[in-house]
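All remarks here apply to the structure that follows.
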């Protein structure tokens, strides 16, 4: 399980794009994360070093963990239990994101960006 969009407020748009790319890629391939080159192409960067910097930021913010002894060594981290959404709320978010033609994470990230994270 990965972190929800509510916890992505501190990410840049490119970092969010990379995290979403990693999540979708891994979900489609039984949990196998993308290579650096696949991530580079997936988010439209020219160099792998840019991917490395964005991965460092995702590690720092607690979204992923790097596994140094493994090829494609990225692990998506679970959200803290206190931030879980009810099944009804998750269903409502899926419904709205489907109508918007986007993923639930991307949908909520866009809503949070549009409305800010202030009380």
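In the numbering used here, the protein residues as written are 5 to 123. Note that beta-carbon positions come from the ideal geometry of N, C-alpha and C, so glycine has one too.
Given this structure, state the Cα-to-Cα distance separating residue i from residue j, to the nearest angstrom.
i           : j           : result
residue 99  : residue 33  : 24 Å
residue 46  : residue 92  : 32 Å
residue 79  : residue 28  : 13 Å
residue 49  : residue 95  : 34 Å
residue 111 : residue 24  : 11 Å
residue 65  : residue 59  : 10 Å
residue 63  : residue 57  : 10 Å
residue 55  : residue 103 : 31 Å
residue 43  : residue 67  : 16 Å
residue 116 : residue 16  : 13 Å
Helix, strand or coil for residue i per DSSP?
i           : result
residue 80  : strand
residue 50  : coil
residue 28  : helix
residue 69  : strand
residue 74  : coil
residue 8   : Any reading at residue 8 must be qualified, since the residue scores a pLDDT of 49, below 50, and its modelled position is unreliable; the value itself is stated next. In this structure, residue 8 counts as coil in the three-state DSSP scheme.
residue 123 : For residue 123, the predicted structure reports a pLDDT of 48, less than 50, and the residue's modelled location is therefore unreliable. A value from the coordinates is still provided. Coil at residue 123, not helix or strand.
residue 36  : coil
residue 59  : helix
Just to confirm before moving on: does the CB-CB distance between residue i and residue j stay below 8 Å?
i          : j           : result
residue 39 : residue 69  : no
residue 20 : residue 107 : no
residue 37 : residue 30  : yes
Query raised in the report: In chain order, which alpha helix (DSSP H) runs of at least 4 residues are fully inside the segment 88–113?
Result: 91–104
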